[in-house]
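**Q**
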Amino acid sequence: MIQDPKRREFLKVSAIVSSSMLISILLPGQVRGSANAKAELSQWCVYVHIHSDNSVSMQSPIMEMGQFMRTAGPMILADEMDLDWSLIQFDTTMPTFLRRDEQNNIVYAHAQIGTGGSQTLKNNWSYLRTAGAIVRQMLIEEAAARWGCEAARLTAKNSRIIDSQSSRQFSYGELAQQASTRRVDLSQLKLKHPSQFSIIGSSKASIDGRDIVTGKPLFGIDENYPNALHAVIDRAPAMGARIASYNREAALAIPGVKQIVETPHHSGPHWPGGETQICAAGVAVLADSHWAALQGKAALATTWTDANRYAGLNSAAHRTALNALAQSSNPGKRHRDDGNVEQAFEQAEQVLEHTYERALLSHACMEPLNCIADVQKHHAVVVVGHQWPHQVALEVEQLTGIDALRVEVRNKRMGGGFGRKGETDFLREAIWLSHKVGQPVKVLWTRENDMQRDYFAPAAAVKIKAGLKQGRIQGWHMRQAQTGGEAESHGFPAHLISDCRIESLTANHPFPLGAWRGPGQMQQAFAVESMLDELAYAKGSDPLTFRLALMGPAKIYPINFWAANEIDSGRMANCYRLAAKMAGWGRTLKNGQGLGIAGHFTFGTYVAFVLQVQVDKNRKLQLQKAWGVIDCGLAVNPNHIRAQMEGGFIDGLNAALFNQVTVQDSIVATTNFDRLRWMRMQEAPTQIEIDIIQGTQSPTGVGEPPVAPAPAALANAIYAASGLRLRRMPFAEHINI
Amino acid sequence: MPIQFSVNGQPVNLDQKDQEMPLLWFLREKMQLTGSKFGCGIGQCGACTVHLNGSAVRSCLLPVGQLQGSAIRTIEGLASGTDLHPVQQAWLDEDVPQCGYCQAGQIMAAVALLEQVNDPSEEQVNAHMSNICRCGTYTRIRKAIELVAAKTPPET
Ligand code: FES
Ligand code: FES
């Protein structure tokens, strides 16, 4: 929807014409500060529409990429509103509401619709609850006015307002239209006590399930935009390369091909610092269908020049360099240096030193990148599944000068995001092309380009030196070398070991890097939880007992990291304990079978897994069954927390076994699923059982935490089964599967 | 000679010049049946799985020119009206999809398997269900298949 000053008026008008309640809530502090901000504060919620027959239409306030926020967001809103879940019709459209803040930055006008960093639920928790509670209060006050009674004696339940002193009731539908004009005293507003929740905490199925299993067009790739040209871009295969030649005539000769346009190379600042190639130089074939454009691309027979700019860029050499860096005596950036590690090692009875390594990782979202842009003179429409919709509007503003508030961003469900769909390159090309040719353009990437032009998760080599004395860890020194980014230093075993040093070292290589699904967490957990296992065995102790002894008595340590300001050894220990119990830890296994345990804390959430594997005489590995436990505070939707635990753990196992980007002379060789192996049904564990520790703390994220412990759980299980210790991912290079 | 085949029971007549077009793009672009997805274009991922005369095939590699006389079924042709196919229903009962992108292909592969084998063994499921799910929904897919198998009366 286009944002303009009349927008709010439009909302009110539509409420009247449809004789129903359309509520738009701007919470205090969200309105540009002006003297009459209070008066302007319109208590409407753009996501909910209560009809006079008491049915409700709801738009999800949060984006979806498979992390179930399209279900969790409405659950929170509906619970505080006391809506009858079964009466809600969910709308698949997800418009973006933007505004400018006091600093003139583009921000979300209502809910934080964007998603990533396992922060989405946490960021929207208070907002959605407050919004829901305001609506409930408006309805209660309207009923009180009609009955001429005290609002305090009225309660809301299942889309009805009930008078507790008589049996009279109003349905929300009867009250909605007039209730929507009420003003609620926000200072008197009461949120529910968690014991009053009826929807939050119950297992709900995905609101889009039926549309998905019947093949409805939910994704950006499915959008049939009127008058759009279909673009396939032939992108330079080598980083930094430029176009040398191409056969324009041959491409134009393909029926349906309309235009050939060169798309410019573009570099810019990018995480974790410095300049990166954002868009490769390319030749775009614009046609009346994707199939015609694909044929046109083949006919171009493009050749490239200057492909040697990054000739030395090679993933194998990079991994060797990272390992050498971890082993070197180069001083790293110290994130913590508690006690005196040198002295601790001198006094240790035994010292272990091992290095744990991970390759560059690919995103490989199941839905290849795509974007539709329709850039007109003074406004634009972009149809896309992107993690950060405000970024889409800003990209249009930066490229075309069109005010971001005049960009209509139509959000589509993402066929996977994993951080890749938070990048702007795929937006940029579509916006640029539409602006250039003056027509709507739909750009759809080939899988090869999607994998080649990725922003990889950094590779890493983590060396840990750890001592043992009288059965306890005596000194811990971790040196993490990686392509970019830094080591984490907030998680265990820090706080639990008095002499602890954590350093990071960066081997600067110009690989494009980006957000992935908790990759730093995974690398840390792989190293830490493998080393804990190695220490336990070195000491002749049981890996579970060793971990529980390390956690010690339950204690909370203050930290400052992402969503978390504390880390609790008791909550971590409970996850280990319960996962082990579910797995029957300590039971007798068949020959060749083994159980591995690993846990991790991140984004405020605690997770532990036990995995059972079988390794036969020919080193043939089979993943049999996994048991996982999560403590993410208050569990909003147990069904989807389980689903994230299952899928996230499998994603971590896939990273451990298969995921590896290879780059040779600046060209990505892993271009499709024939060259980049990916976990399928036959390699995945046949069963994953999940339990959730019911907490009372505000809910924390569940998208990334289950990924992290998977590689260590697998390495530890393989060791238990076979005595083979794997320290270098991907494991499929060292074991048969 | 024009190519004649059917898609979800609907007859299709195709002239000569389009014969190289993969079925996937024919379905998505000419018939606006976008339930079958593009994932890799090389027959690896299975997102584009449809039925060709009852067998699961990857439509991204299948030129329409080879379809003379054949019957194609897609995800859109699985339910009868508002009645879901039992496999679709099992997918809802187990709430299988995460992002959902691979699921039409997974469902088509599962339907073809269950039409051939009432109660597939673990090995048969592994061998037949080779589609990639980037979100890792494999354990729920397995449960959904088992749910359908459990409800199907055994062969006599
Ligand atoms: S798109 Fe056909 S198998 Fe991947
Ligand atoms: S559900 Fe996302 S790829 Fe399968």
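From first to last, the protein sequence lines stand for chains A and B.
Heads up: the first sequence runs through residues 112 to 848, numbered per this note's numbering.
Heads up: the second sequence runs through residues 212 to 367, numbered per this note's numbering.
From the three backbone atoms N, C-alpha and C, an ideal C-beta is built for every residue, glycine too.
How far does the alpha helix (DSSP H) with D417 (chain A) in it reach, from first residue to last?
**A** Note, D417 (chain A): premise wrong, no alpha helix (DSSP H); not H, not E.
**Q** Would you say M340 (chain B) lies against chain A (beta-carbon separation less than 8 Å)?
**A** So, interface residue.
**Q** Closer than 7 Å by C-beta to P305 (chain A): which residues in its own chain qualify, once you throw out the five before and the five after it? Chain order, please.
**A** Excluding residues within five positions, the ones whose Cβ falls inside 7 Å are L745, T807.
**Q** Let me check understanding here. Comparing Cα to Cα, which of A:I804, A:L768, A:A831, A:A821 lies closest to E844 (chain A)?
**A** Measuring from the Cα of E844 (chain A), the nearest candidate turns out to be A:L768.
**Q** Counting only Cβ pairs nearer than 8 Å, list the residues of chain A close to E287 (chain B).
**A** The answer, in chain order, is T325, G326.
**Q** Just tell me which of B:M340, B:L234, B:A361, B:G252 has its CA closest to the CA of L273 (chain B).
**A** Residue B:L234 is the option with its Cα nearest to L273 (chain B).
**Q** Roughly how many angstroms lie between the CA atoms of I801 (chain A) and D226 (chain B), to the nearest whole one?
**A** Each residue's alpha carbon lies about 54 Å from the other.
**Q** If we define contact as Cβ-Cβ less than 8 Å, is F784 (chain A) a contact residue for chain B?
**A** Taking Cβ atoms only, chain B reaches closer than 8 Å to F784 (chain A), which makes this a yes.
**Q** Listed in chain order, which residues of the region 477 to 500 of chain A have Cβ atoms closer than 9 Å to some Cβ of chain B?
**A** So the list reads M477, E478, P479, given in the order they occur along the chain.
**Q** In three-state terms, what does DSSP make of M633 (chain A)?
**A** In this structure, M633 (chain A) counts as helix in the three-state DSSP scheme.
**Q** How about A470 (chain A) and P749 (chain A): do their beta carbons lie closer than 8 Å?
**A** It is not a contact, given that the beta carbons lie outside the stated cut-off.
**Q** Just the C-alpha distance for F330 (chain A) and Q550 (chain A), rounded to the nearest angstrom, thanks.
**A** Looking at the two C-alpha atoms, the distance is approximately 21 Å.
**Q** If you measure beta-carbon to beta-carbon, which residues of the region 302 to 321 of chain B are closer than 7 Å to chain A?
**A** Flagged, chain order: W302, L303, D306, P308, Q309, C310, G311, Y312, C313, Q314, A315, I318.
**Q** Which residues, in order along the region 236 to 255 of chain B, keep a beta-carbon less than 9 Å from a beta-carbon of chain A?
**A** Answer set for the region 236 to 255 of chain B: W236, F237, R239, E240, K241, Q243, L244, T245, G246, S247, K248, F249, G250, C251, G252, I253, G254, Q255.
**Q** Using 8 Å as the threshold, is the C-beta distance between C310 (chain B) and M525 (chain A) below it?
**A** For C310 (chain B) and M525 (chain A), yes; Cβs fall inside 8 Å.
**Q** Ligand 1 and A361 (chain A): does the residue's C-beta get closer than 7 Å to at least one heavy atom of that ligand?
**A** No; taking the cut-off as 7 Å, the Cβ of A361 (chain A) has no heavy atom of ligand 1 nearer than that.
**Q** In the region 317 to 349 of chain A, which residues sit with their C-beta less than 9 Å from some C-beta in chain B, listed in chain order?
**A** Under the 9 Å Cβ criterion, the region 317 to 349 of chain A contributes S317, D319, G320, R321, D322, I323, V324, T325, G326, K327, P328, L329, F330, I332, D333, E334, N335, H341.
**Q** Taking any heavy atom of ligand 2 as the mark, which residues have a C-beta closer than 6 Å to it, listed down the chain?
**A** In chain order, the qualifying residues are A:G177, A:M477, A:G527, B:P308, B:Q309, B:C310, B:G311, B:Y312, B:C313, B:Q314, B:C344, B:R345, B:C346, B:T348.
**Q** Could you run through the region 557 to 583 of chain A and flag, in chain order, every residue whose CB is less than 9 Å away from some CB of chain B?
**A** Residues passing the 9 Å Cβ filter: T557, R558, E559.
**Q** Our contact map puts R539 (chain A) next to H377 (chain A) with C-beta atoms below 8 Å; I'd like the distance itself, whole angstroms only.
**A** Contact flag correct, Cβ pair sits at about 7 Å.
**Q** Is there a Cβ from chain A that is less than 8 Å from the Cβ of L324 (chain B)?
**A** No, L324 (chain B) does not count as interfacial toward chain A.
**Q** So is the beta-carbon of R388 (chain B) under 7 Å away from any non-hydrogen atom of ligand 1?
**A** This structure does not reach residue 388 (chain B), given that chain B is present from 212 up to 367, and the question cannot be answered.
**Q** Write down every uninterrupted run of the alpha helix (DSSP H) in the region 550 to 596 of chain A whose length is 4 residues or greater and which is fully enclosed by it, in chain order.
**A** Qualifying alpha helix (DSSP H) stretches, in chain order: 558 to 563.
**Q** For P222 (chain B), count the other beta carbons within 10 Å of its own beta carbon; 16 or more makes it buried, fewer makes it exposed. Which is it?
**A** P222 (chain B) comes out exposed.
**Q** Start and end of the alpha helix (DSSP H) containing V223 (chain B)?
**A** That residue, V223 (chain B), is in no alpha helix (DSSP H); its beta strand (DSSP E) goes 221 to 225.
**Q** What are the uninterrupted segments assigned as beta strand (DSSP E) that are 3 or more residues long and contained completely in the region 430 to 502 of chain A, given in chain order?
**A** Counting whole runs of 3 or more residues, the region 430 to 502 of chain A contains the beta strand (DSSP E) stretches 444 to 449, 461 to 469, 481 to 486, 491 to 495.
**Q** Taking 8 Å as the CB-CB cut-off, is I214 (chain B) touching chain A?
**A** It does not; no Cβ of chain A falls within 8 Å.
**Q** Quick one: what's W738 (chain A) bridged to in DSSP?
**A** DSSP lists A:V721, A:E800 as partners of W738 (chain A).
**Q** Taking W627 (chain A) as the query, report the chain B residues whose CB atoms sit under 9 Å from its CB, ordered along the chain.
**A** By Cβ distance, chain B contributes nothing, its closest Cβ being about 13 Å from W627 (chain A), past 9 Å.
**Q** Does any heavy atom of ligand 1 sit closer than 7 Å to the C-beta of C894 (chain A)?
**A** What is shown of chain A runs 112 to 848, which leaves residue 894 (chain A) out entirely.
**Q** Alpha carbon to alpha carbon, how far is A638 (chain A) from S680 (chain A)? Give it in angstroms, no decimals.
**A** Cα to Cα, the separation comes out at about 19 Å.
**Q** Using a C-beta to C-beta distance shorter than 8 Å, which residues of chain A count as neighbours of V336 (chain B)?
**A** Result: M792.
**Q** Check whether the Cβ of D802 (chain A) lies closer than 8 Å to any Cβ atom in chain B.
**A** Chain B contact via Cβ: absent.
**Q** Would you mind stating whether A541 (chain A) and V518 (chain A) have Cβ atoms separated by less than 8 Å?
**A** Not in contact: A541 (chain A) and V518 (chain A) (Cβ atoms no closer than 8 Å).
**Q** Who are T266 (chain A)'s beta bridge partners in DSSP?
**A** In the DSSP output, where bridge partners are listed per residue, T266 (chain A) has A:I273.
**Q** What does F201 (chain A) pair with, by DSSP beta-bridge criteria?
**A** Beta-bridge pairing links F201 (chain A) to A:M169.
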